[in-house]
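Peer 1: Using full-length UniProt numbering, the first residue of the sequence shown is number 1, and each one after it goes up by one.
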Amino acid sequence: MLAVNIVTTPDLASWQQALTATEQQVNTAAVRALNKTARWARSHLASATAKKSNVKVGLVRNSLSVVRARPSKPSIVVGLNQKAGVIKAHKLGAARQNASGVRVAKRQFDYAFLAQMPNGHQGVFRRRSKSRLPIQEVQIVITGRLRDEMESLSERGLMDNFERIFERELNYLMRVA
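1) If we require 3 or more residues per run, which beta strand (DSSP E) segments fall completely within the stretch 28-67?
2) Give the secondary structure of R145 by DSSP, where H, G and I count as helix, E and B as strand, and everything else as coil.
3) Comparing C-alpha positions only, which one of K106, K83 and K36 sits nearest to R168?
4) Thinking C-alpha only, which one of Q139, G144 and N171 is nearest V102?
5) Where does A94 sit, in a helix, a strand or coil, going by DSSP?
6) Out of V104, Q116 and F162, which has the shortest C-alpha to C-alpha gap to V31?
7) Which residue's Cα is closest to the Cα of G58: G85, K130 and R175?
8) Drop a sphere of 10 angstroms on the beta-carbon of M174, count the other beta-carbons inside from all chains shown, and report buried for 16 or more, exposed for fewer.
9) Cβ of Q25 within 8 angstroms of Cβ of L170?
10) Between P74 and L34, which are expected to be in contact by the criterion C-beta below 8 angstroms, what is the C-beta distance as a whole number of angstroms?
11) What do you get for L45, buried or exposed, if any count of 16 or more other CB atoms within 10 angstroms of its CB means buried?
12) If you draw a straight line from the C-alpha of M1 to the C-alpha of A29, how long is it?
13) Near S47, which residues of its chain fall below 6 angstroms by C-beta distance, leaving aside the five closest residues on each side in sequence?
14) From this set, F113, K51 and L92, which residue's C-alpha is nearest residue 184's C-alpha?
15) Under 8 angstroms by Cβ, that's how I've got V104 and H90 pegged, so tell me the actual separation to the nearest angstrom.
16) How is V86 classed by DSSP in three states: helix, strand or coil?
17) Looking only at DSSP bridge pairs, what is I140 linked to?
18) Counting C-beta neighbours from all protein chains within 10 Å, is the total for residue 180 16 or more, i.e. buried, or is it exposed?
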């Protein structure tokens, strides 16, 4: 028969302080792990979506926002900005006018043209009708791909990553204290 005998040498008041410190360490580790998980999710979403959309990672990353965790509010949100999922064609790279339209970063936009607006903004535009005006700036929409990546990330990996980071942070805080 195996028996474990625990004898508390200090009084219970000092145990209370030790337990409070441990609770604080757990909360700190949870907040740190949540924030690191949010950063990981943002970079993972950006790189996966950029790879599928064939655009620069920075353009996708700018459309993702992160609400960080705090000790008073231990939750994170990785979401889309208001202007998320829409990348203007001139942001993809150097635009070149050709006979059939404009070519930007291995993408051909037929019937498009390069123009500079009176306020100095340069972009790739298309006419909305056969008349001279109105014109509209050419954009690439990646909202669907971002949504699909978010769903697949929430199904796999996000909680596993949090648990792994939480364990690491808690071990670190217990060693340091």
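Where is the CB? At the ideal position from N, CA and C, for every residue including glycine.
Peer 2: According to the structure shown:
1) 64-67
2) helix
3) K36
4) Closest option to V102, Cα to Cα, is Q139.
5) coil
6) F162
7) G85
8) That one is exposed.
9) yes
10) 6 angstroms
11) buried
12) Confidence is the limiting factor: at M1 the pLDDT is only 29, short of 50, which leaves the residue's position unreliable, though a coordinate-based value still follows. Approximately 37 angstroms, taken between the alpha carbons.
13) V57
14) Summary: the structure shown does not reach residue 184, with the chain confined to residues 1 through 177, and so no result is reported for it.
15) 7 angstroms
16) strand
17) I87
18) For residue 180 there is no data in the structure shown, the boundaries of the chain being 1 and 177.
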